Amino acid sequence: QKQILLKKRPKETPTHNDFEVVETSIGTPSDGEILVKTIYISVDPYLRGRMNDTKSYIPPFKLNEVISSGVIGQVIESKSNRFDKNDIVLGSLGWQEYNIIKEDSVRKINTNIAPESTYLSVLGMTGLTAYFGLLDIGKPKEGETVVVSGAAGAVGSIVGQIAKIKGCRVVGIAGSEDKVNLLLNDFGFDAAINYNTQDVGVALEEACPDGIDVYFENVGGTISDAIFPLLNNFARIPVCGAISAYNTAEDIGPRVQTHLIKTSSLMQGFTVGNYSSRFEEGIQELATWLKDGRLKYEETITVGFDKTIDAFLDLFKGANIGKSLVKVAEI
Ligand code: NDP
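Heads up: the sequence shown begins at 2 in UniProt numbering, then just goes up one per residue.
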């Protein structure tokens, strides 16, 4: 089987040279272990941070070790009482075609509720990030204006729709005309801005006549600079990510304080892991909205294990709409 190792720590934008694809044997499970065939691999921007040798909320990947992320797999062989052959499982597993793992490193998923891929998208880590970040930190109220950047991505597209469910005016910022059209026509945003062709500050002023009450931050940099002058008093800013800074050595720096002081706004960083004890609640509510047709989702599915690195690199080029996944095998 093939597996993908981190060969070098990328300095700026990662390339294929930072990874190595190697062949290894699959092995056989011991007592308490299962052999899992990889079905879907989740590629995520946060993995870029784990490629740096810096202290964070999650340890860095080690050089010459297998990269890992969210994986949906199928149990092929079980030496555990907790799993049967053919069970569909979710866990943080290696970027390889098969994983031998301890029984407590994955959990079974219920594919009667929704297709298995959704446990890596709208019902998975990114959907839960949107749900808890927006509702717990953003606290959107009916009639307020919510702006989200990275709006057509996995987290952003769900943030905007939840804000609509809560009765807000929703404005999305994304990087292409196709994404803007998707936000307006499919996801029900009230306004959408293409940061590659429009002056974000001017467009935001037009799209937010009553100012901004919640800014869900996914990108950082110059896009978020344009947000701050429009903050209303007591605005809330869930700081989810800053993808525009992930491939630069330079720190984006503190240039927002004055606006925060003037408006008594709250800006709070978070990781979805802070809410792990409430994941079941999030999944239930997201699944209900999904079933009722109030929440839609997009997935960009790249087919083939050999395309995993490309799918990861594409995140930084904006090639994906909704959640980016790699389909490695059929169930
Ligand atoms: P997305 O599906 O949004 O994919 C990344 C998108 O980011 C691209 O499609 C692209 O869209 C946009 N992008 C890429 N480079 C830039 C840039 N330089 N400037 C502006 N936009 C850019 O990924 P996710 O939804 O998984 O993640 C979104 C954010 O949320 C990331 O910052 C991520 O790190 C963060 N995150 C945080 C979590 C937490 O627990 N705090 C958990 C999960 C994600 P476009 O075409 O619009 O540029």
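All C-beta atoms, glycine included, are put in the ideal place defined by N, C-alpha and C. Keep in mind that this is a model prediction, so the values were computed, not measured.
From the DSSP output, in three-state form, read off residue i for me.
| i | result |
| --- | --- |
| A153 | coil |
| D32 | coil |
| A320 | coil |
| Y247 | coil |
| A227 | coil |
| V181 | helix |
| residue 1 | Absent from the model: residue 1. The displayed extent of the chain is 2 to 332, so no value can be given. |
| V44 | coil |
| M126 | helix |
| K3 | strand |
| N195 | strand |
| R49 | helix |
| E331 | coil |
| residue 1 | Residue 1 lies beyond the range of the chain shown here (2 to 332); nothing can be said about it. |
| Y222 | Before going on, a small fix: residue 222 reads as Gly here, not Tyr. Three-state DSSP puts G222 in a helix. |
| F20 | strand |
| L326 | strand |
| E143 | coil |
| E299 | coil |
| G202 | helix |
| G274 | helix |
Could you check whether residue j and residue i sit closer than 9 Å to each other, using their CB atoms as the reference points?
| i | j | result |
| --- | --- | --- |
| F313 | V44 | yes |
| S70 | L36 | no |
| D211 | R237 | no |
| G202 | Y58 | no |
| K3 | E98 | yes |
| A320 | Q75 | no |
| Y298 | S31 | no |
| I73 | I40 | yes |
| G270 | F217 | no |
| A152 | A175 | yes |
| G189 | G161 | yes |
| D179 | I322 | yes |
| R108 | L91 | yes |
| A115 | A288 | yes |
| E34 | I102 | yes |
| R51 | N248 | no |
| I332 | L124 | no |
To which residues does DSSP link residue i through a beta bridge?
| i | result |
| --- | --- |
| N100 | V37 |
| S26 | For S26, which the question treats as bridged, DSSP gives no partner whatsoever. |
| G95 | S69 |
| I174 | S150, I194 |
| L232 | I213 |
| P15 | Partner(s): none; P15 has no beta bridge. |
| A108 | Note that residue 108 is Arg in the sequence shown, not Ala. Looking at the DSSP assignment, R108 forms a beta bridge with L91. |
| P239 | Q269 |
| L136 | None; L136 has no bridge partner. |
| V257 | Answer is none; V257 lacks a bridge partner. |
| S79 | I35 |
| V160 | BP columns for V160 are empty, so no partner. |
| G74 | T39, V90 |
Can you tell me the Cα-Cα spacing of residue i and residue j, whole angstroms?
| i | j | result |
| --- | --- | --- |
| H17 | I68 | 14 Å |
| E104 | K80 | 9 Å |
| N182 | T119 | 23 Å |
| L7 | F317 | 18 Å |
| Q258 | F229 | 9 Å |
| S106 | L296 | 30 Å |
| I77 | P15 | 33 Å |
| I110 | G28 | 25 Å |
| P46 | I244 | 7 Å |
| N112 | K263 | At residue 112 the sequence reads Thr, which differs from the Asn that was named. In a straight line, the C-alpha of T112 is about 49 Å away from that of K263. |
| K292 | L185 | 21 Å |
| G222 | R256 | 10 Å |
| D311 | F20 | 11 Å |
| N234 | D137 | 18 Å |
| V327 | I42 | 5 Å |
| E140 | K86 | The question names Glu, yet the displayed sequence has Lys at residue 140. Cα to Cα, the separation comes out at about 43 Å. |
| V22 | K63 | 15 Å |
| Q199 | D226 | 15 Å |
| I84 | E13 | Position check: residue 84 holds Phe in this sequence, whereas Ile was assumed. Rounded to whole angstroms, F84 to E13 spans 42 Å at the Cα level. |
| E206 | M268 | 21 Å |
| S277 | T301 | 26 Å |
| G242 | K142 | 23 Å |
| S26 | N100 | 11 Å |
Using 8 Å for Cβ pairs, my map puts residue i next to residue j. What's the rounded Cβ distance?
| i | j | result |
| --- | --- | --- |
| G173 | A204 | 11 Å between Cβ atoms; not a contact. |
| Y132 | I166 | Wrong, their Cβ atoms sit about 11 Å apart, outside the cutoff. |
| I224 | S158 | The pair is not a contact, with the Cβ atoms about 17 Å apart (cut-off 8 Å). |
| W96 | T309 | 6 Å |
| L231 | S266 | Actually they are not in contact, since the Cβ atoms of L231 and S266 sit about 11 Å apart, beyond 8 Å. |
| V215 | V147 | 4 Å |
| N197 | G154 | That pair is no contact at about 15 Å. |
So, is the C-beta of residue i closer than 9 Å to a C-beta in chain D?
| i | result |
| --- | --- |
| I5 | Note that chain D does not occur in the displayed structure, where there is just one protein chain. |
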